[in-house]
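Its first residue numbered 39, the sequence shown is counted upward by one per residue in our numbering. The C-beta atom is built at its ideal place from N, Cα and C for all residues, glycine as well. Heads up, the thing below is written out as structure tokens.
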Amino acid sequence: MSTQYLRPSSLRHRETHYCPGCGHGILHRIVSEVIDELDIRRTTAAVAPVGCAVVAYNYWNFDCSEAAHGRALAVATGIKRVSPDLCVFTYQGDGDLASIGLAETVHAANRGERLTCIFVNNACYGMTGGQMAPTSLIGQKTATTPCGRTPDTGEGWPLKISDLLAQLPGVCFVARCALSSPKEIQDTARQIKTAFQHQLDKRGFSLVEVLSPCPTIWQKNPVEAMAWIDTEMKKVFPPGILKTP
């Protein structure tokens, strides 16, 4: 019997440091498979800022750089402008991209930087202990909203970053996906491949938001966490293509 399932060349052999049931491992493999399919491993550069995936370079077998918290798109802009033939992407969580890095996110998108952003939305600050993130849901209990997020008490509503960026003329492609089923994992891979292809075709800014589980902070087992994406997160962040050329 022939082997049908191999490790992508762009993915290193490493023991994971992520929590059981975390979506980062799935997404790391998706990104690696897409890069192999496009045959761009030697011309790809990733930027990961502070967050659970700050050591993504331990897993990916291509050039990677770290950035200060929230500054990944600023660093990626510099790399892309110096080396425009590289395929440059950022890999950012919701706290990083939509909070401390919101200005960098909006302005990179508004300038139409020819970059790809993979936006991991797990509705919390995972690495720092589970505080409320800009994407935390109404009623969601976090370390800083122990009674649940309530807009009436000044905590605001979940920030729909993909919907906001899709309005900007410099943005060419925005999609929202999930990791809660095999079918949706396949769709996530297709959308990330499409986003990379737009960059290779020298179009504008592209972003793929991925709804990802965080069982530890959500205080759920991995199966329950996947179900929570379907029953709760998708109500606020429905998957689909929000903008395409």
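Neighbour-count burial assignment, residue i, 16 or more Cβ in a 10 Å radius
i: V93; result: exposed
i: Y43; result: exposed
i: W98; result: buried
i: E75; result: exposed
i: W256; result: buried
i: H62; result: buried
i: Q130; result: buried
i: H51; result: exposed
i: T269; result: exposed
i: D123; result: exposed
Boundaries (first-last residue) of the alpha helix (DSSP H) holding residue i
i: A147; result: 140-148
i: Q229; result: 220-238
i: E247; result: Segment 243-249 is the beta strand (DSSP E) holding E247; no alpha helix (DSSP H) there.
i: V209; result: No alpha helix (DSSP H) holds V209; the beta strand (DSSP E) holding it covers 209-216.
i: D201; result: 199-203
i: M264; result: 260-266
i: T254; result: 253-256
i: S70; result: 62-76
i: G116; result: 110-120
Distance CB(residue i)-CB(residue j) smaller than 8 Å
i: S250; j: L65; result: yes
i: R67; j: F100; result: no
i: C90; j: M170; result: no
i: T173; j: A181; result: no
i: C125; j: L49; result: no
i: G208; j: N148; result: yes
i: G186; j: G192; result: no
i: H107; j: V88; result: yes
i: F275; j: R214; result: yes
i: I117; j: A83; result: yes
i: P58; j: P220; result: no
i: L175; j: P196; result: yes
i: V246; j: I230; result: yes
i: P283; j: R228; result: no
i: F234; j: E151; result: no
i: L111; j: L153; result: yes
For residue i: DSSP bridge partner residues
i: Q130; result: F157
i: W98; result: L49
i: C125; result: T82
N- and C-terminal bounds of the beta strand (DSSP E) containing residue i
i: L280; result: 278-281
i: A86; result: 82-86
i: D101; result: 101-104
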